[in-house]
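Protein chains: 4
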Amino acid sequence: MMTGEQYKASLADGRRTYFQGRVVDDLAAEPRFTRAVEWVAETYDRFFDPSPQARSPLFEVPRSSDDLSTRVPLLRETDIIAQTTFQSLLALLTAAPAVGQADTSYVDRIKAYYEDVVTEDRRLVECITDAKGNRTLAPSQQADPDAYVHVVKRTSEGLVLRGAKLHITGASFAHDLVIMPTKQMKQGEEDYAVACAVPLAAAGVHVVNTTYSPPPGQEADYPFSSRENMPDGFVILDDVFVPHERVFLDGEVQYSANFAHSLGLWERLGGTAFMADEADILVGLAQLVAEANGLASVPHIREKINGMIIYATIIRAGLEAALLNVGRTPDGMVYPSELYTNTAKFYGAANYDHIVRDLHDIAGGAVVTAPSHSDLDHEVLGPWLRKYLSTGPDVPGEERARIMHAIRDFTADTFGGWRSVTNIQSGGGLYAQQMVSRKHYDLKRAKQMARRAAGLDAEE
Amino acid sequence: MMTGEQYKASLADGRRTYFQGRVVDDLAAEPRFTRAVEWVAETYDRFFDPSPQARSPLFEVPRSSDDLSTRVPLLRETDIIAQTTFQSLLALLTAAPAVGQADTSYVDRIKAYYEDVVTEDRRLVECITDAKGNRTLAPSQQADPDAYVHVVKRTSEGLVLRGAKLHITGASFAHDLVIMPTKQMKQGEEDYAVACAVPLAAAGVHVVNTTYSPPPGQEADYPFSSRENMPDGFVILDDVFVPHERVFLDGEVQYSANFAHSLGLWERLGGTAFMADEADILVGLAQLVAEANGLASVPHIREKINGMIIYATIIRAGLEAALLNVGRTPDGMVYPSELYTNTAKFYGAANYDHIVRDLHDIAGGAVVTAPSHSDLDHEVLGPWLRKYLSTGPDVPGEERARIMHAIRDFTADTFGGWRSVTNIQSGGGLYAQQMVSRKHYDLKRAKQMARRAAGLDAEE
Amino acid sequence: MMTGEQYKASLADGRRTYFQGRVVDDLAAEPRFTRAVEWVAETYDRFFDPSPQARSPLFEVPRSSDDLSTRVPLLRETDIIAQTTFQSLLALLTAAPAVGQADTSYVDRIKAYYEDVVTEDRRLVECITDAKGNRTLAPSQQADPDAYVHVVKRTSEGLVLRGAKLHITGASFAHDLVIMPTKQMKQGEEDYAVACAVPLAAAGVHVVNTTYSPPPGQEADYPFSSRENMPDGFVILDDVFVPHERVFLDGEVQYSANFAHSLGLWERLGGTAFMADEADILVGLAQLVAEANGLASVPHIREKINGMIIYATIIRAGLEAALLNVGRTPDGMVYPSELYTNTAKFYGAANYDHIVRDLHDIAGGAVVTAPSHSDLDHEVLGPWLRKYLSTGPDVPGEERARIMHAIRDFTADTFGGWRSVTNIQSGGGLYAQQMVSRKHYDLKRAKQMARRAAGLDAEE
Amino acid sequence: MMTGEQYKASLADGRRTYFQGRVVDDLAAEPRFTRAVEWVAETYDRFFDPSPQARSPLFEVPRSSDDLSTRVPLLRETDIIAQTTFQSLLALLTAAPAVGQADTSYVDRIKAYYEDVVTEDRRLVECITDAKGNRTLAPSQQADPDAYVHVVKRTSEGLVLRGAKLHITGASFAHDLVIMPTKQMKQGEEDYAVACAVPLAAAGVHVVNTTYSPPPGQEADYPFSSRENMPDGFVILDDVFVPHERVFLDGEVQYSANFAHSLGLWERLGGTAFMADEADILVGLAQLVAEANGLASVPHIREKINGMIIYATIIRAGLEAALLNVGRTPDGMVYPSELYTNTAKFYGAANYDHIVRDLHDIAGGAVVTAPSHSDLDHEVLGPWLRKYLSTGPDVPGEERARIMHAIRDFTADTFGGWRSVTNIQSGGGLYAQQMVSRKHYDLKRAKQMARRAAGLDAEE
């Protein structure tokens, strides 16, 4: 296993990563990336075990509902790319039985890769979304053949890939890209039916970063995003070579969607678990600010908080139902209920905006106008600001300002905007999430129930 | 145990029950009550076991999460007053430990009553809601002291009660009224803090019925309500004597709300289980009518059905979470999670109207204008109506008319209106349901999560 | 002009109309139709003017925004088929300029028909919706060619029609059916591109009725639907002859949708005006029942009523904006804004269910369990029911029961169900209503505004 | 009148203003304030007329519905503090008749002040919200008497004020603060019942700024907020002297709320007009991004845009109804309908979040992950990014990136967060906005309509 320091050292592997039009040679030294590196390192240190055979408990294969139910909150305490590592590994293992029907060597490679990753304690990011070009045309019909990642050359040693993968959270901070087809490929699109693992340091990989990390020097005004932030990567694959042993699918179009479906499940499980905690935090912030404003007993504010409690509890109920109604692969790995996972994810994403609206309504305009810490620390201004921000002896002005900063950072500033978009988009947009629920809902049974209840069919 | 016939015979016990300004001497002979009597009798017959020691499996005390999870769907297959019997008995048993602190004889009487009811296979209805008079005044401050049921006299043998209980579904069709205080009583309201069981046949009990059962002769146009209907009773207690052994609380105001809270939980569990099935039926009806209209693949219709699926699945997830996170009384009886039960109940009730709107939007105006069965059976009209109601060789006109009738009956006629009101009101109205969720949500923990996440408190 | 008595006499013209599988020879004598006949007659009497040249002010062509703004509330005070007469006439006149391009004699016939109707004071119903058969196939591709009304024969005197028209409110109570194509017809569907007027008494016309009028004898429990009800007709055209002078389109497929679009506008204007008043009535009922329950000052109830006020005011604002932003035909007839009319109609229909939910939540279970008038009139029961339904000296029990009956009748019984369906379906279902708004919204301008605001284009 | 240059020079008047813990001596030189100064100057230049008697057309008193209807869009084209100047002046004039009942000299002072402001072409900001301390206590009961702005001394020349005013948009960029009581004061709170105008340069005035202007150097990535931004001020009044001629209320508590009510109306009118345009821009952005993504014809995306069109049209209808149903003061000034203004404002604010959610759902994750302009300009990255961001020959990658930047800036970054909070809070939060609608809705008439419709009262 790796320590945090070993992780940091591992990043100096020649990867080509960019920010704001500049090459970033040392990730930890780029002010707006420093914290992301540190965050990943903290997870390494927390789970480090010096014994040579040690393996991270984060990535063990779940074998029971209980196992899964304890893993999910454990992962919630780690950095984002520990979570994407888990999701990527489990997605590969979940898809393995299917792709093994095309070629059993894919299964062997996936298992070997899993062993290598866990043994070497590497971090992975999941690379699904292609550039896509014209959305109404198939990959093979695009004006630009590179609109979807594809094989441009095959050699005796492996494949050469070209294309781009977008919205890859943490790409610059992981060791490997786990590349999967973004959708079902068709006959004639064999070159697009490719899944594999590619090191960040591989020649031809370039990552352009964007981030919601706060402006350097103003971290105190951004209590959430200064502690937990992870840049997104726009990954360019400029004729990247991949050796055979890291190729998990090459040309068998009929299995091309299995990876995406498997990943979708694990990604949405992570999203649902995140949303369940996020919802509790939103409830907590609402109650904190209502109390700080001295308005916690005002009926319409109580009722808004009650509505937020319902929201948080529904997501939690969906998560529980998903973790208790597990499925099981032939070799004993368990996975959560598709139906409940997707439904809870959809519900959380579709109603998130409304919950934030209520939080803003409860909190008031100070969410966006509370003076900064540097103002609060100013010799002349500080006492005045504290005086006027206080709502009574129990509520110091600075505490109230900090609650407002927290709400702004979490819901009404760069990080808040990033979250409102990614809550909806992770798992494929609201429409796709709803469709997955439909796919796993027993519509036939519902029709039978309706026919019997309506007297169209006799009762059994 | 009783057979259906024995049940029917048992109703001829002198009870005073009214309908449309008339006394009803023979319930089964009143055309709009006939089916309700039959429905209750069917449950008797279904579970009848001739052995002398036999007891209905419906009313056994649940001892495990599994036990509860199998009981709930079993009860869903019975008539309404089998369900209210279950809820009443469980509510008494759930409240027993608390009221036992006032007087252990209450516990003994509750247990004895439970045994008697189960042994004699009697049916009970739960009587909570009082007339209430002026809602802003306490029971003891009312202009009319009878606005809440209260003790008007105490004798050496028992109590004499006066007042009214409203919205008592099935009152005229049960054997006993289980009377409980509708809310917390205060010092000085001892006469209002009374819980007991009263036979329908007791002198002074009068029940005025209302019903959504269909007009006699038109049953075919009302496929739901012609099969499952149960009149509501407005129960008047005109100085009714109750012997001590049937009194479960008399004057200990501090325990007066325990019955209502206990009943609320079991009632809302029943409501949630009902809504979960109802939601599946609504999905099924939507898909049936979309197919019958030939529009099942139209995008906006598919999307509306997807939304209905999400609704149905959220209620189901809440029910599952409630049945899996059970609580346990000292003597080993299990009860569902208050938090999840209430949240699912609230969500189902609060969004029901919207689901029905989508069903109506999908189905079209024929929901309310489809000709009746007597028109379809008319020699001249029938062939025309069948021809013009058909949407193709696979969809006979009569089948489509029947689907429309089913949707009208279920959602857009007398029974539909009754359900839209009672979905909201059972369990106390939307506000009360939300408040119970809040009460059982861990708000303190949410505030701690928020404080830590916002950096206001250090992580542990 | 006609008096009410003359109107009643005019119905004895040999029309073939049916109810519950029976022929109805005398409409006024059918208990569940009596009130509908009376209602139409009342409008006749109210506007009757004995002078020979008199014409109803209801049907004059509106020439200004003010004119239209006073007409709309005037029509709101009449019976439904006075309103459909207005809508049918205005739809024909609005479509006339377009169909005149095909053949100017259509314009002459429309104008002549308008004069005849107004002079003879006849009543019309609008017949749009066909049986439609398989919705995914065009009229000419149906297995049954009669799925859409079409010409089956042309003679030197006129046309012969076959087919059915559905959801025709008041069909049996009018003098003429105004028949229009339900949608745009295509090349090869000339026989389906037919618009004309047909007397109810014409040979081959059959109408099957459905109604939400209350059960005879229980009118007192149905305060709304006992006063204003109008049966819907399922109209069968069994080879009906139409003379040329009543044919307004025959075969010119390119103009086939003009009638439906014109009618849609006037129909939705009527729907919006109705919804605006209906919304005020719902607000009023909510406030009445909140006061009767003694709960008008409870915060969550006040807030629900506030939400209802917002709903009512938005519809009213849309109606005002529609009536003030009128369009004008070449010959000076004004018509309301398509954009605002449709938007208000859509908003009102899409949110109606939610407003009713809040009304039910405010009112309580007594909406469906309040005893009937015959119970209240019962010698023994009456005093008890009045006592227990009263909420204080200012609120007699009977008054409170009547408010509950009104809410039930208006929103939670047969009439309420009919309204919840027709609110959505009149004007073509929610999807169609939204599409019409889109069609009339200036999307190009919105894109320009967005491009400029986003700095993509320079400001002008 | 002033030119833009004269305006800029006028800011060097010794005002004490702060940002990020630093004093800002030259507003235009502070990088994150430069644009705000320029924006205000542009309005000055646009309306400048060198003739000595010239007055800005922006601030003339509206005398007719037409006048008001043309003024509103004109103001929409100006900077924010031109708008607050208009709102402040109109609020004073609207309140004048009422406060004139206390002392006619207040009316004279308001009119003189209006003349001075218009003649000198000054800019004003409206100062309503106090620090408020404990919200459950009245101003006079606060632990800190300065929680509400109040008179601490009266001299023969004027008053001395102490306290703070919060959320004052543009405070540092205007000439005068127009100070008004935030709510109705009561007997004993005479010192808090004070309205007046105070120059920014007055001794004792301090303003702490916060801003959503973009990071300097990255303006290209923030197309909205780089062009239109205005810092908010936290205004501290540290014993500020106000001469009598600028005092518009001093101690007459019964008139203390008139200013806030008058300002509220004009402020919400401005808010509604802003939202109407904003909604069109959101529709436009949605359509632009749907087209850029090649998905404009996908049904669920079309339907979301249709929903946004309904939203935009309802706000516009409300604005039109407000401008057409004007009220009129005794001296002929017109003001918009309170009912429609508030209702449209409430509706826009309450549903804004949902519209943004749909925009994000339509746009996709690139809203937050689109690379920056500096990346697009990078020699190596630029061509790759353009290639992979393009969705076809008609959609250059850079154009699509710019649309994504625009959406992020407008809705999912610092400016977007500021807007989502201020949309709700301007006009006092959702609850207050709804209450104002209720106050101006004719609830008595609604009850009468309901009683008549329900047959409780006879028709007139």
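Chains A, B, C and D, in that order, are what the protein sequence lines are.
For any residue, its number in my numbering is found by taking its place in the first sequence, counting from 1, and adding 445.
For any residue, its number in my numbering is found by taking its place in the second sequence, counting from 1, and adding 445.
For any residue, its number in my numbering is found by taking its place in the third sequence, counting from 1, and adding 445.
For any residue, its number in my numbering is found by taking its place in the fourth sequence, counting from 1, and adding 445.
Where is the CB? At the ideal position from N, CA and C, for every residue including glycine.
Values in this document were obtained by computation on a predicted structure and should not be read as measured data.
Please classify residue i as buried or exposed, where buried requires at least 16 neighbouring CB atoms within 10 angstroms.
i, result
"A:Ala457", "exposed"
"B:Arg691", "buried"
"A:Ala718", "buried"
"C:Lys889", "exposed"
"A:Glu602", "exposed"
"B:Ser496", "exposed"
"D:Gln879", "buried"
Does residue i come within less than 9 Å of chain B when only Cβ atoms are used?
i, result
"D:His799", "no"
"A:Ile869", "no"
"C:Lys884", "no"
Quick check: residue i and residue j, are their CB atoms within less than 9 Å of each other?
i, j, result
"C:Gly420", "C:Ile760", "Since the first residue shown for chain C is 446 and the last is 905, residue 420 of chain C is missing from the structure and cannot be characterised."
"C:Trp647", "C:Val687", "Here residue 647 of chain C is Ala; the residue named in the question, Trp, does not match the sequence. Yes, these two residues count as a Cβ contact at 9 Å."
"B:Ala899", "A:Phe860", "no"
"A:Val639", "A:Leu611", "no"
Any beta carbon from chain D within less than 9 Å of residue i's own beta carbon?
i, result
"C:Phe679", "no"
"A:Asn738", "yes"
"A:Pro495", "no"
"A:Lys577", "yes"
Run through DSSP, which three-state label would residue i get?
i, result
"A:Leu456", "coil"
"D:Pro828", "helix"
"A:Thr448", "coil"
"D:Tyr886", "coil"
"C:Pro660", "coil"
"C:Arg845", "helix"
"D:Ala583", "coil"
Report the neighbours of residue i on chain C: residues whose CB is nearer than 7 Å to its CB, in chain order.
i, result
"D:Lys892", "Gly729, Gln732 and Leu733"
If the cut is a Cβ gap below 8 Å, which residues of chain B does residue i touch?
i, result
"C:Tyr463", "Asp820, His823 and Leu826"
Since residue i meets chain D, which of its residues come closer than 9 Å, beta carbon to beta carbon?
i, result
"C:Gly763", "Thr758, Ile759, Ala762, Gly763 and Ala766"
Starting from residue i, find everything on chain B with Cβ-Cβ shorter than 9 Å and list it in chain order.
i, result
"A:Ala899", "Pro668, Phe669, Ile726, Gly729, Leu730, Leu733, Arg847, Ile848, His850, Ala851, Ile852, Asp854 and Phe855"
What residues of chain D sit near residue i, judged by a beta carbon separation below 8 Å?
i, result
"C:Arg896", "Gly729 and Leu733"
Please list the partners that residue i has in chain D, where partner means a Cβ-to-Cβ separation under 7 Å.
i, result
"C:Thr788", "Ile755, Thr758, Ile759 and Ala762"
So which residues of chain C does residue i contact, with C-beta pairs closer than 9 Å?
i, result
"B:His595", "Neighbours of B:His595 on chain C: none; closest Cβ ~13 Å, over 9 Å."
Under 7 Å Cβ-Cβ, which residues of chain A neighbour residue i?
i, result
"B:Thr672", "Per the sequence shown, residue 672 of chain B should be read as Arg rather than Thr. Neighbours of B:Arg672 on chain A, chain order: Gly900."
Note down, in chain order, all residues in the segment 741-757 of chain A with a beta-carbon under 7 Å from any beta-carbon belonging to chain F. Of the chains in the structure shown, none is chain F; the protein chains are A, B, C and D.
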